[in-house]
Amino acid sequence: MNSTTKDRTLLSRYFSEIRDYPLLTKEQEQDLARNVKQGCKDSLNELIESNLSFVVKVASEYRNLGLPFEDLLNEGNLGLIEAAQRYDDAKGTKFITYAIWWIRKSILKSLSEHSSLVRVPTYQMKKVREIRDTENILRRSLGRKATREEISTSLERSVAKIDQVLQFSLREMSLDDKVGKDRETPISDYLVDDTSHSPEESLIRREANNLVEEAMHHLTQQEKIVLYHRFGMSGGPQLTLKEIGEMMSISRERVRQIECQAKTRLRKLFARTRLVRSPSRRPLPVRSIGRSPHVTH
Numbered sequence: 005m006n007s008t009t010k011d012r013t014l015l016s017r018y019f020s021e022i023r024d025y026p027l028l029t030k031e032q033e034q035d036l037a038r039n040v041k042q043g044c045k046d047s048l049n050e051l052i053e054s055n056l057s058f059v060v061k062v063a064s065e066y067r068n069l070g071l072p073f074e075d076l077l078n079e080g081n082l083g084l085i086e087a088a089q090r091y092d093d094a095k096g097t098k099f100i101t102y103a104i105w106w107i108r109k110s111i112l113k114s115l116s117e118h119s120s121l122v123r124v125p126t127y128q129m130k131k132v133r134e135i136r137d138t139e140n141i142l143r144r145s146l147g148r149k150a151t152r153e154e155i156s157t158s159l160e161r162s163v164a165k166i167d168q169v170l171q172f173s174l175r176e177m178s179l180d181d182k183v184g185k186d187r188e189t190p191i192s193d194y195l196v197d198d199t200s201h202s203p204e205e206s207l208i209r210r211e212a213n214n215l216v217e218e219a220m221h222h223l224t225q226q227e228k229i230v231l232y233h234r235f236g237m238s239g240g241p242q243l244t245l246k247e248i249g250e251m252m253s254i255s256r257e258r259v260r261q262i263e264c265q266a267k268t269r270l271r272k273l274f275a276r277t278r279l280v281r282s283p284s285r286r287p288l289p290v291r292s293i294g295r296s297p298h299v300t301h
């Protein structure tokens, strides 16, 4: 049995085990939390085990960001343990509402420390494949390459949506390299909005997309994480500067600096490449940035 097959077997076994743990009511959680404060290890384990399935859900949001899913689960479980040890039932907050911040913080910390690769989120790649499959079907039926408008009609989506999804079909990208004259230039992943279908606008859009793709090759992991949560990429919630700072163990001001610096660098990059933008058009975020778990009791 090779290592990949072994890992999958271990994961399947783990998923099977955690499905057997019953979910708790808010009152049960609070009772366990009070026992935890008194040093009861069994109550701590029960509180943790009943929420392991939720860690799987949260960890899934961070797939394809450079760490194996098993590692994401491990880190999320560590955050869950931390939350269970700190949970204060007197505040009346449901445990998982409190724990999610510790789970995300633990995962993000590990991504910042160990990850150097970013891949397109799985759910986005499914959308890309759907468009490509439709394009191939239309090519066979029409005897020629289908236009974006024809693909749009077939999928019942706007041309702008089709273009946006196709921008996510970026290859695996290293985040350690830097660009710019000082070799320290980070670039935010913003692009020009798609509202016109004239040849001139199409040319500008293609140039902008090429620029964004090049920029994504050189975005640092820290910048990617900030943008990921600021704009709710991969379907996640949009977070405030303070919330991101708490999860990354940096100040709110530092998060703001990372975001602002990326935007400033992008504007300079656009200027250097003489990319003309209409003042009436606003930038939109590009929404791509995506061993076996064991809890120590």
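All residue numbers for the sequence shown refer to my numbering, where the first residue is 5 and numbers rise by one.
We put the beta carbon where it would ideally sit given N, CA and C, even for glycine.
Next item on the list: Please go through the region 47–108 and give each complete alpha helix (DSSP H) segment of 4 or more residues, from N-terminal end onward.
Entry: You should have 56–64, 73–90.
Notebook entry, point to check: What residue range is occupied by the uninterrupted alpha helix (DSSP H) comprising Thr157?
Noted result: What you label residue 157 is simply residue 153 of the sequence shown in a count that begins at 1. Per DSSP, Thr157 belongs to the alpha helix (DSSP H) from 152–159.
Check: With distances taken between CB atoms, is the gap from Arg144 to Ala150 smaller than 7 angstroms?
Finding: Mapped onto the sequence shown, residue 144 falls at position 140. Mapped onto the sequence shown, residue 150 falls at position 146. Between Arg144 and Ala150, the C-beta spacing is not below 7 angstroms.
Check: Cβ atoms of Leu76 and Ile63: under 7 angstroms apart, would you say?
Finding: Your numbering for residue 63 matches position 59 in the sequence shown. Your numbering for residue 76 matches position 72 in the sequence shown. The sequence given here places Ala at residue 63; Ile does not occur at that position. Their beta carbons are under 7 angstroms apart, which means Ala63 touches Leu76 by this criterion.
Check: Over what stretch of residues does the alpha helix (DSSP H) that includes Leu36 continue unbroken?
Finding: The residue given as residue 36 occupies position 32 in the sequence shown. Per DSSP, Leu36 belongs to the alpha helix (DSSP H) from 30–41.
Notebook entry, point to check: Where does the unbroken alpha helix (DSSP H) through Gly147 begin, and where does it stop?
Noted result: In the sequence shown, residue 147 corresponds to position 143, counting from 1. Where Gly147 is concerned, there is no enclosing alpha helix (DSSP H), because DSSP gives it neither an H nor an E.
Check: By Cβ distance, which residues of its chain are closer than 8 angstroms to Ala103, with the 5 residues on each side in sequence left out?
Finding: On the sequence shown, residue 103 is found 99 positions in, with the first residue counted as 1. Taken in chain order, the residues that qualify are Asn55, Phe58, Gly83, Leu84, Ala87, Ala88, Tyr91.
Checklist line | Own chain partners of Ser16 with C-beta closer than 6 angstroms, once the 5 adjacent residues on each side are dropped | finding: Counted from its first residue, the sequence shown places residue 16 at position 12. If we look at Ser16 and ignore the five residues flanking it on each side, it has no Cβ neighbours.
Note to self: Counting C-beta neighbours from all protein chains within 10 Å, is the total for Ser114 16 or more, i.e. buried, or is it exposed?
What the structure shows: As a working note, residue 114 is residue 110 in the sequence shown. Counting Cβ neighbours within 10 Å, Ser114 comes out buried, since at least 16 surround it.
Notebook entry, point to check: If we call anything under 7 angstroms between Cβ atoms a contact, is Leu48 one with Val60?
Noted result: Indexing the sequence shown from 1 puts residue 48 at position 44. Indexing the sequence shown from 1 puts residue 60 at position 56. Going by C-beta atoms, Leu48 is not nearer than 7 angstroms to Val60.
Item checked: Exposed unless 16 or more other CB atoms sit within 10 angstroms - verdict on Ser156 -> Translated into positions along the sequence shown, residue 156 becomes position 152. Per the 10 Å Cβ criterion, buried.
Checklist line | Endpoints, alpha helix (DSSP H) assigned at Leu245 | finding: Locating residue 245 in the sequence shown gives position 241, counting from the first residue. Counting along the chain, the alpha helix (DSSP H) containing Leu245 begins and ends at 245–252.
Checklist line | C-alpha distance - Glu79 paired with Lys165, whole-angstrom precision | finding: One-based indexing of the sequence shown puts residue 79 at position 75. One-based indexing of the sequence shown puts residue 165 at position 161. If I take the Cα positions, the gap works out to 35 angstroms.
Notebook entry, point to check: Quick one, are the C-beta atoms of Met251 and Leu112 less than 7 angstroms apart?
Noted result: For the purposes of this step, residue 251 is taken as the residue at position 247 of the sequence shown. For the purposes of this step, residue 112 is taken as the residue at position 108 of the sequence shown. For Met251 and Leu112, yes; Cβs fall inside 7 angstroms.
Item checked: As assigned by DSSP and simplified to three states, the class of Gln265 -> For this step, residue 265 is matched to residue 261 along the sequence shown. Note: Gln265 maps to helix in three-state DSSP.
Next item on the list: Taking His233 and Ile248 to be in contact with their CB atoms under 8 angstroms, please state how far apart those CB atoms are, rounded to whole angstroms.
Entry: Taking the first residue of the sequence shown as 1, we reach residue 233 at position 229. Taking the first residue of the sequence shown as 1, we reach residue 248 at position 244. With a Cβ gap of about 5 angstroms, His233 and Ile248 count as contacting.
Next item on the list: Give the secondary structure of Asp24 by DSSP, where H, G and I count as helix, E and B as strand, and everything else as coil.
Entry: What you label residue 24 is simply residue 20 of the sequence shown in a count that begins at 1. Three-state result, Asp24: coil.
Check: Buried or exposed: Lys45, going by 16 or more other Cβ atoms within 10 Å of its Cβ?
Finding: Looking up residue 45 in the sequence shown gives position 41. Its Cβ having fewer than 16 others within 10 Å, Lys45 is exposed.
Margin query: So, with DSSP's three-state summary, where would you put Arg255?
Written below: Counting from one through the sequence shown, the residue named residue 255 turns up at place 251. The question names Arg, yet the displayed sequence has Ser at residue 255. Coil.
Item checked: Backbone secondary structure at Ser162 - three-state DSSP -> Looking up residue 162 in the sequence shown gives position 158. In the structure shown, Ser162 sits in coil (DSSP, three-state: anything other than H, G, I, E or B).
Item checked: Assigned exposure category for Asp93 - 16 Cβ within 10 Å defines buried -> Residue 93 sits at position 89 when you count from the first residue of the sequence shown. Classification for Asp93: buried.
Margin query: With a threshold of 8 angstroms on Cβ separation, who are the neighbours of Arg258 within its own chain once the five nearest residues in sequence on each side are excluded?
Written below: Start at 1 with the first residue of the sequence shown, and residue 258 comes out as number 254. For Arg258, where only same-chain residues beyond five positions count, the Cβ hits under 8 angstroms are Gly249.
Item checked: Selected residue, minimal CA-CA separation from Lys131, among Leu159, Glu33, Phe99, Glu65 -> To locate residue 131, count along the sequence shown from 1; it is residue 127. Selected option, being the one with the closest Cα: Leu159.
Note to self: Can you list, in chain order, the residues of its chain with a C-beta nearer than 6 angstroms to that of Arg256? Leave out the 5 residues immediately preceding and following it.
What the structure shows: As a first step, residue 256 is located in the sequence shown; it is residue number 252 there, counting from the start. Excluding residues within five positions, the ones whose Cβ falls inside 6 angstroms are Leu245, Lys246, Gly249.
Check: Roughly how many angstroms separate the alpha carbons of Glu65 and Thr97, rounded to a whole number?
Finding: Within the sequence shown, numbered from 1, the residue matching residue 65 stands at position 61. Within the sequence shown, numbered from 1, the residue matching residue 97 stands at position 93. Just so you know, the alpha carbons of Glu65 and Thr97 end up roughly 23 angstroms apart.
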